[in-house]
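Asks: Dumping the structure here so I can ask a few things about it.
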């Protein structure tokens, strides 16, 4: 006999049913509809309030502006009263001035005491009005007589003008009582009056109805499509007139006043209802699959037991590295292959991280191998703290480590591990009694996306590591599709690089530097290009990193120095003979003990004055090996060669080496110049660098100048030289010679096309 269901089980069954999900969605839908209707009503009240304000503002402006015209007609009436002998010609001149000044009158008239129009301006188009009796009915006669008796002006209301169309007339008596000499009248067409007294925005968005004593008198914008649910009526305070003004907006104005909140609220709540319903449905599915998850958990526990057993076997298999105590490369690859087999069966992901210590080789070479070994041990201890049943840390050799992460459910698991690895390098390492800050660059490959076997995964992680190094080190890079193709292209380019010098494929381009005091070009920077036989002209970024990695950068640097000296020799007797050429040196070139001898030989062979050659090194290179670099640069300075610090401000910025090194020139990095007229911080830093350099007797060059605003800022703050696309892009020697000979380079006055 079946066991009857309890109340609790019935509730659980109801909560697990699809009907419960539907009820949740309907509740959210009802709430959304109610809120939307409430917000729409609130919008309508706000629109009515805005319309009321518009109508009142319009009425106030109409009363104020109309009073101005009444006063103007009154002034004309007073002048005629004060000077009754005024000739008609003079009166007409006065009237024409009023017509031109106000631009709203159809005509200005003088009406005698018998109500007959005698004078009128303009006469053209109004000929039929002369001699017309304006007291055309008893009501008009009574109103005019009252105005003549009291001296107060009279308004005709909206009438049919004799000239045609609807209009309105202001009658201002010329004197009062027995001294009355008729009336001065200003005639307005309603459409002209509306255009003059109403703003274009009001005319564009509203229909305006004028009622006189409750009866429709005039409608402005009668053909406008109005929103009939909104209107507002307000009285107009004119003497002798009982006017009301009704404002009706068009649909576009109403739409512009409406808020998007009703629809956004409705859509948001419906989306929340849908999301809540789907979440509930998902929870139901998860609960229903509880048994499957329990089974997976048992398999995971068995896998963890296998992992523990493999860790125990590590010592038996003599698979640890003797220096670091970490797993060696052989064991790591065997374990990785085993891990991938398990991941394949369980449809899981595996993360592989390759770690390279930044600047380790330089420290190892300069401080000794014993220092390097101790540093590797310290790094290994911190990385090994990440080890557990799911993470294996190994030492690959040199300055590289490898980490395998099992049971990766989401890419965020790998990113979390990368954050833990970076944390291992957050604090300095205490080696031989000194603290050394070390950073690491990482390449990441994830199974199965980045490779289906251990060798492929390792190779792709290594490719990702190389890409990360190219991005500036102390970062990480995931392997992505196409990286391998780029790696093949890189290897081909590296092979071609070995033949480039022999085949004379390198060329120098020159970027002028503008002297901001004289407006002359006295120096240029030599920038190398590779005229590749198949790929065309290549920029330095595409081959200089390869040259540094392969060690060919020293040969290329020697070629640049010799080529620059040859160019200086070729320029003797030309428009370019006064130019000084700046060449860039890498850190490897500065480490070359024969650097100074090579520069001396190049200058002597081409009989070039050493002061015509300038050597640029980045700020980071200057302080990598202070003692050695100071010796090298001092020897170069003794030759008479100028020395410049490139990219100043983005590196370590130690003021001490500016005092100790024989520096002639500072080059402010383009990152400060780009926003120097927009960002206060960049402007402050740039001014500070200029003042600091000048106080030390050092000239300043600003790189990356692209706008005249930047150039004017630099001139104002006494920067010596400017370099950038505003003056000229890097160009071949022939184009530079032509530009200087023809004077078509930018000099701070005008920009010449073509460069």
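Residue numbers (UniProt numbering): 1 to 755.
Quick reminder that beta carbons are idealized off the backbone N, C-alpha and C, glycines included.
The model shown is predicted, which means the values in this text are computed figures rather than measured ones.
1) According to DSSP, is residue 536 part of a helix, a strand, or is it coil?
2) Are residue 722 and residue 711 touching if we call contact CB-CB under 8 Å?
3) By the DSSP assignment, the alpha helix (DSSP H) with residue 758 in it spans what residues?
4) Cα-Cα, which of 242, 648, 238 and 232 is closest to residue 211?
5) Pick helix, strand or coil for residue 523, following the three-state DSSP scheme.
6) May I ask you to report which of helix, strand or coil DSSP gives residue 754?
7) Closest to residue 302 by CA distance: which of 325, 268 and 342 is it?
8) Around the C-beta of residue 245, are 16 or more other C-beta atoms found within 10 angstroms, so that it is buried, or is it exposed?
9) Over the uninterrupted alpha helix (DSSP H) stretch that includes residue 719, give me the two end residues.
10) Between which residues of its own chain and residue 736 is the CB-CB distance below 6 Å, once the five residues before and five after are set aside?
11) Roughly how many angstroms separate the alpha carbons of residue 287 and residue 297, rounded to a whole number?
12) Rounding to the nearest angstrom, what Cα-Cα distance links residue 30 and residue 44 in this structure?
13) Which same chain residues end up closer than 6 Å to residue 16 when comparing Cβ atoms and leaving out the 5 residues on each side of it in sequence?
14) For the pair the stretch 157-172 and the stretch 80-94, tell me if three or more CB-CB distances fall below 8 Å.
15) Of all the beta strand (DSSP E) runs that stay within the bounds of the UniProt domain "CHASE" (112-197), which reach a length of 3 or more residues?
16) Taking buried to mean at least 16 other C-beta atoms within 10 Å of its own C-beta, is residue 347 buried or exposed?
17) Thinking just about the alpha-carbon of each residue, which of 613, 467 and 524 is nearest to the one in residue 739?
18) Given a threshold of 16 other Cβ atoms within 10 Å of its Cβ, counted over all protein chains shown, does residue 742 qualify as buried or as exposed?
19) Below 8 Å between beta carbons: does that hold for residue 358 and residue 474?
20) Measure the beta-carbon distance from residue 758 to residue 323 and round it to whole angstroms, keeping in mind my assumption that it falls under 8 Å.
21) Looking only at its chain, what residues have a beta carbon closer than 7 Å to the beta carbon of residue 328, apart from the 5 residues adjacent to it on each side?
22) Using 8 Å as the threshold, is the C-beta distance between residue 608 and residue 636 below it?
23) Do you know offhand how far residue 121's Cα is from residue 235's?
24) List in chain order: all unbroken alpha helix (DSSP H) runs of 4+ residues lying wholly within the stretch 668-730.
25) I need the boundaries of the beta strand (DSSP E) containing residue 233, first residue and last residue.
26) With a threshold of 8 Å, are at least 3 pairs of Cβ atoms found where one atom belongs to the stretch 47-67 and the other to the stretch 266-281?
27) Could you spell out the range, first to last residue, of the beta strand (DSSP E) harbouring residue 209?
28) Measuring alpha carbon to alpha carbon, tell me which of 179, 186 and 391 ends up nearest residue 153.
29) For the beta strand (DSSP E) holding residue 429, just list the boundary residues, first then last.
30) Quick one: Cα of residue 308 to Cα of residue 289, how far?
31) Between the alpha carbons of residue 140 and residue 149, how many angstroms are there, rounded?
32) Rounded to a whole number of angstroms, what is the C-alpha to C-alpha distance between residue 586 and residue 544?
33) For residue 404, which of helix, strand or coil comes out of DSSP?
34) Measure how close the beta-carbons of residue 516 and residue 720 come, nearest whole angstrom, since I'm counting them as under 8 Å.
35) Taking 8 Å as the threshold (C-beta atoms), are residue 447 and residue 353 in contact?
36) Using the rule of at least 16 other Cβ atoms within 10 Å of the residue's Cβ for burial, across every protein chain shown, is residue 416 buried or exposed?
Replies: Looking at the coordinates:
1) strand
2) yes
3) The structure shown has nothing for residue 758, since the chain only spans 1 to 755.
4) 242
5) Strand at residue 523.
6) Summary for residue 754: the model assigns pLDDT 31, below 50, so the residue's position carries little reliability, and this model does not support an answer.
7) 342
8) Taking all protein chains in view, the Cβ of residue 245 is crowded by 16 or more other Cβ atoms within 10 Å, so the residue is classified as buried.
9) That residue, residue 719, is in no alpha helix (DSSP H); it is neither H nor E in DSSP.
10) 510
11) 15 Å
12) Residue 30 and residue 44 have their C-alpha atoms spaced approximately 21 Å apart.
13) 284
14) no
15) Within the UniProt domain "CHASE" (112-197), the complete beta strand (DSSP E) runs of at least 3 residues are 117-121, 166-173 and 183-189.
16) exposed
17) 524
18) exposed
19) Yes. Within cutoff.
20) Look at the range of the chain in this structure, 1 to 755, and you will see that residue 758 is not part of it.
21) 319, 320, 321, 394 and 395
22) no
23) A direct Cα-to-Cα measurement between residue 121 and residue 235 gives close to 33 Å.
24) 670-673, 680-695 and 708-716
25) Looking at the DSSP string, the run of the beta strand (DSSP E) that includes residue 233 is 232-236.
26) Too few Cβ pairs lie closer than 8 Å, so no.
27) 206-212
28) 186
29) 429-431
30) 29 Å
31) Rounded to whole angstroms, residue 140 to residue 149 spans 14 Å at the Cα level.
32) 10 Å
33) strand
34) 6 Å
35) Cβ atoms of residue 353 and residue 447: not closer than 8 Å.
36) exposed
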